Structure formats: C-alpha cells, structure tokens
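Notes follow the structure.
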Amino acid sequence: MLYGVVALLSLVGLADAIYLTVEHLSGRSVRCTIVSGCSEVLSSSYASVRGVPLALIGAGAYFAVFSLATLAAFGYKVAGKLLAIIVGVMFLITLWLVYLQAFVIKAFCQFCLLSALVTIALTVLVVAIRWRKLPP
C-alpha cells in the first residue's frame, strides 16, 4: 500500500521536474505566483550541473523512484532497498538546495519548494516502510 503512495507521489515530483526542465531548455522564464524568487533561483549558477539542468536530474530521480516503488509493490525486495538509498540521497540533496535558496541565493522558487516537499514526504514514507520491516 505505502509503495503505491510513494509511486503516485513520485509522479507529482516528476511532473514538476519535467515542467522546470522544459522551461529551462526552452529558455522561458518560470512565473511564480506564490513567491517571487523563481527567476533568481532558476537562473542561478546552481540551477544546472555541468550544463545539465538540475530539474532534468531530478526528473530522472523521480522516474527511478516511481519505477522502484512499483517493483517493490510487487514484492521485489532489492527494489525496496534501492528505493531507500535513492530517496535518502534525494533527501540530502534537497536539504542542500533549500539551504542554497535560503542563505546563498536568498530567494525561493515555488516549484523547487514543491519538489522539496515531495522529497520530504517520500523520505517519511520510505522510512515508515523500512521501519515496519525491522524485526521486533
């Protein structure tokens, strides 16, 4: 059941990351409606890694989470372990990116914050799944 929730939630992150990737690659500016820092964040030097949009890397990560959660839901134990590792790495990267927005760039992007919330929720779910599997 929880793996299904993880899979569905990862699709929200995937949609967000694909949107940001398309906007980045097309050169269009992303309009923020909740906060006003999207252009500052998305045009910063932190928005890409060696020319690859960070959102594209995120889309790949969310797709991997979706795939592994689906496999784990069908009983593939290795998929559950890989899922925990990937989500753990995503969580650490998310902490770094939120730090950059808050203290280095000093601006927030609502789409980036959505991705951060999705990753935090994925982390909570994966920890709950792993916790339930611990022996008493």
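Under the numbering used here, the sequence shown has 147 at position 126, and the numbering climbs by one with no breaks. We treat Cβ as the ideally placed atom computed from N, Cα and C, and that holds for glycine. These figures come from a predicted structure and were not determined experimentally.
What number of angstroms, rounded off, separates the C-alpha of residue i from the C-alpha of residue j?
| i | j | result |
| --- | --- | --- |
| residue 54 | residue 24 | 32 Å |
| residue 92 | residue 120 | 33 Å |
| residue 98 | residue 50 | 42 Å |
| residue 124 | residue 52 | 22 Å |
| residue 103 | residue 144 | 13 Å |
| residue 48 | residue 128 | 20 Å |
So what's residue i in DSSP terms, helix, strand or just coil?
| i | result |
| --- | --- |
| residue 69 | strand |
Between the Cα of residue i and those of the options, spot the shortest distance and give me the residue it belongs to.
| i | options | result |
| --- | --- | --- |
| residue 86 | 139, 122, 65 and 108 | 108 |
| residue 122 | 78, 90 and 56 | 56 |
| residue 74 | 125, 110, 40 and 97 | 40 |
| residue 70 | 45, 59, 58 and 90 | 45 |
| residue 101 | 139, 152, 52 and 134 | 152 |
| residue 140 | 29, 22 and 34 | 34 |
| residue 77 | 142, 43 and 65 | 43 |
Counting only the same chain and skipping the five closest in sequence on each side, list residues whose C-beta sits under 7 Å from that of residue i.
| i | result |
| --- | --- |
| residue 26 | 146 |
| residue 32 | 87 |
Using a Cβ-Cβ cut-off of 6 Å (strictly less than) and excluding sequence neighbours within five positions of residue i, which residues of its own chain qualify?
| i | result |
| --- | --- |
| residue 37 | 132, 135 and 136 |
| residue 59 | 51, 53 and 130 |
| residue 105 | 147 and 151 |
| residue 28 | 87, 90 and 91 |
Between which residues of its own chain and residue i is the CB-CB distance below 8 Å, once the five residues before and five after are set aside?
| i | result |
| --- | --- |
| residue 164 | Residue numbering for the chain in the displayed model covers 22 to 157; residue 164 lies beyond these limits and cannot be assessed. |
Check whether the segment 78-89 touches the segment 105-117, taking contact to mean three or more Cβ pairs, one atom from each stretch, closer than 8 Å. yes
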